[in-house]
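Read the structure below first, then the notes.
Chains as they are written, first to last, in our numbering: chain A, -17 to 44; chain B, 3 to 594.
The following block contains the structure:
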């Protein structure tokens, strides 16, 4: 399996709004903690280490 | 006292010997008056757990061994306390495993706490049918004491106290050692030298070598406290009882008498020691090991003072059933650690084993345990080379196999250390995120790393392995250590598979008893005997008493597992012929 980098979100704008909303009102430190937990939850959902390594690479290129 | 007098001690006193207080006599040896220097096939330097285990193993294989120690005492302080199943199996082969297990506190379960909540629990030996538990906790001075007593009963071991190596000269067929004693220097020509002289190895320095790796900027306090309680320490084995599928090995008590169970407890950021970690272990004699993380800025001299240690211990006990118990400080030490190893464990005639060759953090109990495994890997190879049964090249495989194992231990130890003591803000952020998530989510518990505890290496890719040509559904690939299982002996008595193996040579497990009309097992057993009659054939009938063995080895009638003297698998077949077995044996001895 490869990392999906083509459009794959059901509703891109809704997702983005929800993501920003989830951080609403959080002090920066709490936002960072939230993001860290989110990364771990999503990583577990993906599961495959090879895909996760591709994701790291994709994030690094940004 | 003399080493041999050790054997008398336990029988003449009602209580445990205080091995820390024993001092052994320096004795002048005839070698000190010999010119040219006396020649010995093997000299082991360092009479700690690794050197003692190696010397015993060599003596059991009929190799005379000179064992040099630079002082005249055994371990001071409890130091290494967690001895793994595999180490106990080695000690069984060396004739002192039962004694260690009887005295030690057996445990299989570890629990991890974050602040006040338990977030994770693991069982290191979740299946029945093993003679030994995942771990025992036993003070290093008992381990050394029992090994020394075993050594005292072996005339082939020549233990010389207050003999310090001060020079090594590598020659083509030996190493010339210069040894300092209270009566001056003398020399020995050693066919091979095993440097088991610890993390600050003198031999390593004499050869201009170093151990390289990562040093961790953190300080830890070990406090061993003796509780004054009436009830005896738990952890004693009960008589083995029959369970479905075979006898149970070791009875591990679920709850100890003192308020904490016989388990490994690890706290991240507990209220009684905020922002740091704490590790708790039960030892024999009502002694508890408490390991407090202090941080890099802690002052070791201040932290070592009893008046600063006692409040830390009281804070831990305050929320337990032991809160009112009286205790005294038995041993304390402030330490830092590094994960490192030598580039090569072999330098000419000198082979490095244990802490001299590699070092890890204590989280994972991979120090002393891997050292004992070094010793057992080295012992049979030295014996085979000294006897002329194998070329010198066999010793190169000691280095490559144990360097591989050291890398595995260092990798596990480094990862645990990075989790326990995060070294950057973001590392701490993810660590705390894992701990928070672990309260509610199973997946996060697998990421919690309070130490991945010592298991033996499977020596994948070892030059001594013969690659599989048959298909097996079993973890016991070439390079893996043999798995234990209950067995019923020919006379009907109950036993354990590992105990049936050759303690000082190759073994072949041959599955099937030949009953029921097939002669597959007979043919396999004959092939082994024809290949080399010195290989001990262990027949395991395929019946219900051997269900676990059959499953663990994925055995069928005629299946053969060829095991090295250290009980690692070196080859396996469904139906081997004589030639295949002979080739695999040559291969395992580096002859081909």
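Even for Gly, the Cβ is constructed at its ideal location relative to N, Cα and C.
Quiz item: Three-state secondary structure (DSSP) at residue 243 of chain B?
Solution: One-based indexing of the second chain puts residue 243 of chain B at position 241. Summary for residue 243 of chain B: the model assigns pLDDT 31, below 50, so the residue's position carries little reliability, and this model does not support an answer.
Legend entry - Bridge-paired residues (DSSP) for residue 283 of chain B: Residue mapping note: residue 283 of chain B aligns to position 281 of the second chain, counting from 1. Its beta-bridge partners are B:291.
Item to complete: Can you tell me which of the three DSSP states residue 488 of chain B falls into?
Response: Along the second chain, read from residue 1 onward, the residue named residue 488 of chain B stands at position 486. Residue 488 of chain B falls in the strand class under three-state DSSP.
- prompt: If you drop the 5 nearest sequence neighbours on each side, which residues of the same chain put their C-beta closer than 8 Å to that of residue 4 of chain B?
  reply: Translated into positions along the second chain, residue 4 of chain B becomes position 2. By the criterion of a C-beta distance shorter than 8 Å, residue 4 of chain B is surrounded in its chain by 26, 27, 29, once the five residues flanking it on both sides are discounted.
Notebook entry, point to check: In terms of DSSP beta bridges, what is residue 224 of chain B paired with?
Noted result: Taking the first residue of the second chain as 1, we reach residue 224 of chain B at position 222. Partner(s): B:293, B:335.
Q) Under a CB-based cut-off of 7 Å, is residue 431 of chain B close to chain A? A) Here residue 431 of chain B refers to the residue found at position 429 when the second chain is read from its first residue. Cβ-Cβ to chain A under 7 Å: yes for residue 431 of chain B.
Can you tell me where the alpha helix (DSSP H) holding residue 429 of chain B begins and where it ends?
Reading the second chain from its first residue, position 427 is the one you call residue 429 of chain B. Note, residue 429 of chain B: alpha helix (DSSP H), 427 to 440.
Interface partners of residue 439 of chain B on chain A, CB under 8 Å
Looking up residue 439 of chain B in the second chain gives position 437. 19, 22, 23, listed in chain order.
* To do: Excluding the 5 residues preceding and the 5 following residue 148 of chain B in the sequence, name in chain order all residues of the same chain whose CB lies nearer than 7 Å to its CB.
  => In the second chain, counting from the first residue as 1, residue 148 of chain B sits at position 146. Around residue 148 of chain B: 98, 101, 102.
Suppose contacts are defined by Cβ-Cβ distances below 7 Å. Is residue 52 of chain B in contact with residue 369 of chain B by that definition? The residue you call residue 52 of chain B lines up with position 50 of the second chain. The residue you call residue 369 of chain B lines up with position 367 of the second chain. No. Outside cutoff.
field: Residues bridged to residue 496 of chain B [DSSP beta-bridge criterion]
entry: Here residue 496 of chain B refers to the residue found at position 494 of the second chain. Answer is B:490, bridged to residue 496 of chain B.
| task | Flag residue 435 of chain B as yes if its beta-carbon sits less than 7 Å from any beta-carbon of chain A, otherwise no. | result | Position 433 of the second chain, counted from the start, is the residue given in the question as residue 435 of chain B. Closer than 7 Å to some Cβ of chain A, the Cβ of residue 435 of chain B qualifies, so yes.
Per-residue DSSP class, three states only, for residue 508 of chain B: Locating residue 508 of chain B in the second chain gives position 506, counting from the first residue. If DSSP states are grouped into helix, strand and coil, residue 508 of chain B belongs with coil.
Exposure label - residue 578 of chain B; buried when at least 16 CB within 10 Å:
Taking the second chain and counting its residues from 1, the one referred to as residue 578 of chain B is at position 576. Under this definition residue 578 of chain B is a buried residue.
Per DSSP, what kind of secondary structure is residue 321 of chain B in: helix, strand or coil? Taking the first residue of the second chain as 1, we reach residue 321 of chain B at position 319. Note: residue 321 of chain B maps to coil in three-state DSSP.
- Message: For residue 433 of chain B, which residues in the same chain have their Cβ closer than 7 Å to its Cβ, ignoring the five residues on either side in sequence?
- Response: Within the second chain, numbered from 1, the residue matching residue 433 of chain B stands at position 431. Within its own chain, the residues whose Cβ lies closer than 7 Å to the Cβ of residue 433 of chain B, once the five positions on either side in sequence are excluded, are 421, 424, listed in chain order.
Could you give the DSSP three-state label for residue 39 of chain A: helix, strand or coil?
To locate residue 39 of chain A, count along the first chain from 1; it is residue 57. Looking at residue 39 of chain A - three-state DSSP - the assignment turns out to be helix.
On the CB-based measure, 16 or more other CB atoms within 10 Å of its CB, does residue 118 of chain B come out buried or exposed? The residue you call residue 118 of chain B lines up with position 116 of the second chain. Exposed: under 16 other Cβ atoms inside 10 Å.
Stretch-stretch touch, CB-based, cutoff 8 Å, three pairs: the segment 119 to 135 of chain B with the segment 72 to 87 of chain B
They touch, by the three-pair rule.
Quick one: residues in its chain with C-beta nearer than 7 Å to the C-beta of residue 151 of chain B, no 5 flanking neighbours on either side, listed in chain order?
-> Along the second chain, read from residue 1 onward, the residue named residue 151 of chain B stands at position 149. Answer for residue 151 of chain B: 8, 9, listed in chain order.
task: Classify residue 375 of chain B as buried or exposed, calling it buried when 16 or more other Cβ atoms lie within 10 Å of its own Cβ.
output: Locating residue 375 of chain B in the second chain gives position 373, where the first residue counts as 1. Burial is judged here by how many other beta carbons sit within 10 angstroms of a residue's own beta carbon; residue 375 of chain B has at least 16 and is buried.
Which word fits residue 255 of chain B, buried or exposed, when buried means at least 16 other C-beta atoms lie within 10 angstroms of its C-beta?
Residue numbering aside, residue 255 of chain B sits at position 253 when the second chain is read from its first letter. In this predicted model, residue 255 of chain B has a pLDDT of only 46, less than 50, meaning its place in the structure is not dependable; the value taken from the coordinates is given anyway. Its Cβ being crowded by 16 or more others within 10 Å, residue 255 of chain B is buried.
### Query
Using 8 Å as the threshold, is the segment 541 to 554 of chain B in touch with the segment 444 to 453 of chain B, meaning 3 or more CB pairs across them?
No, the segment 541 to 554 of chain B does not touch the segment 444 to 453 of chain B.
Exercise for the section: Using a Cβ-Cβ cut-off of less than 7 Å, give me the residues of the segment -14 to 15 of chain A that come near chain B, in sequence order. Expected result: Against chain B - using a Cβ distance shorter than 7 Å - the residues of the segment -14 to 15 of chain A are 14, 15.
Checklist entry - How long is the line joining the alpha carbons of residue -4 of chain A and residue 284 of chain B, rounded to whole angstroms? => result Reading the first chain from its first residue, position 14 is the one you call residue -4 of chain A. Reading the second chain from its first residue, position 282 is the one you call residue 284 of chain B. Looking at the two C-alpha atoms, the distance is approximately 54 Å.
Assuming residue 174 of chain B and residue 195 of chain B make a contact with CB atoms under 8 Å, what is their CB distance in whole Å? The residue you call residue 174 of chain B lines up with position 172 of the second chain. The residue you call residue 195 of chain B lines up with position 193 of the second chain. In this structure residue 174 of chain B does not touch residue 195 of chain B by the C-beta definition: roughly 15 Å separates them, more than the 8 Å allowed.
Does residue 460 of chain B pass the burial test, meaning 16 or more other C-beta atoms within 10 Å, or should it be called exposed?
Here residue 460 of chain B refers to the residue found at position 458 when the second chain is read from its first residue. Buried, because 16 or more other Cβ atoms sit within 10 Å of the Cβ of residue 460 of chain B.
Item to check | From B:493, B:525, B:112, residue whose alpha carbon lies closest to that of residue 282 of chain B | outcome: Taking the first residue of the second chain as 1, we reach residue 282 of chain B at position 280. Per the Cα distances, B:112.
Contact with chain A by residue 270 of chain B, beta-carbon distance below 7 Å: Reading the second chain from its first residue, position 268 is the one you call residue 270 of chain B. The beta-carbon of residue 270 of chain B is placed no less than 7 Å from the nearest beta-carbon of chain A.
Please list the residues of the segment 441 to 455 of chain B that have a C-beta atom closer than 8 Å to any C-beta atom in chain A, keeping them in chain order.
For the segment 441 to 455 of chain B, which is checked against every Cβ of chain A, the residues closer than 8 Å are 443, 445, 446, 449.
Legend entry - Residue nearest to residue 549 of chain B in terms of C-alpha spacing, selected from B:513, B:184, B:343: Position 547 of the second chain, counted from the first residue, corresponds to residue 549 of chain B. Among B:513, B:184, B:343, the Cα nearest to that of residue 549 of chain B belongs to B:513.
Checklist line | DSSP-derived helix/strand/coil call for residue 299 of chain B | finding: Position 297 of the second chain, counting from 1, holds the residue named residue 299 of chain B. Assignment of residue 299 of chain B by DSSP, reduced to helix, strand and coil, places it in the coil class.
Just to confirm, is the Cβ distance from residue 582 of chain B to residue 377 of chain B under 7 Å? Counted from its first residue, the second chain places residue 582 of chain B at position 580. Counted from its first residue, the second chain places residue 377 of chain B at position 375. Not a contact, by the Cβ cut-off of 7 Å.
- Message: Quick check on this structure: which residue in B:480, B:588, B:565, B:202 has the alpha carbon closest to the alpha carbon of residue 467 of chain B?
- Response: Numbered from 1 along the second chain, position 465 holds the residue referred to as residue 467 of chain B. Proximity to residue 467 of chain B across B:480, B:588, B:565, B:202 peaks at B:480, based on C-alpha coordinates.
Exercise for review: Pick helix, strand or coil for residue 156 of chain B, following the three-state DSSP scheme.
Suggested key: Mapped onto the second chain, residue 156 of chain B falls at position 154. In this structure, residue 156 of chain B counts as coil in the three-state DSSP scheme.
* Going by alpha carbons, who is nearest to residue 593 of chain B out of B:398, B:536, B:42, B:24? -> For the purposes of this step, residue 593 of chain B is taken as the residue at position 591 of the second chain. Proximity to residue 593 of chain B across B:398, B:536, B:42, B:24 peaks at B:398, based on C-alpha coordinates.
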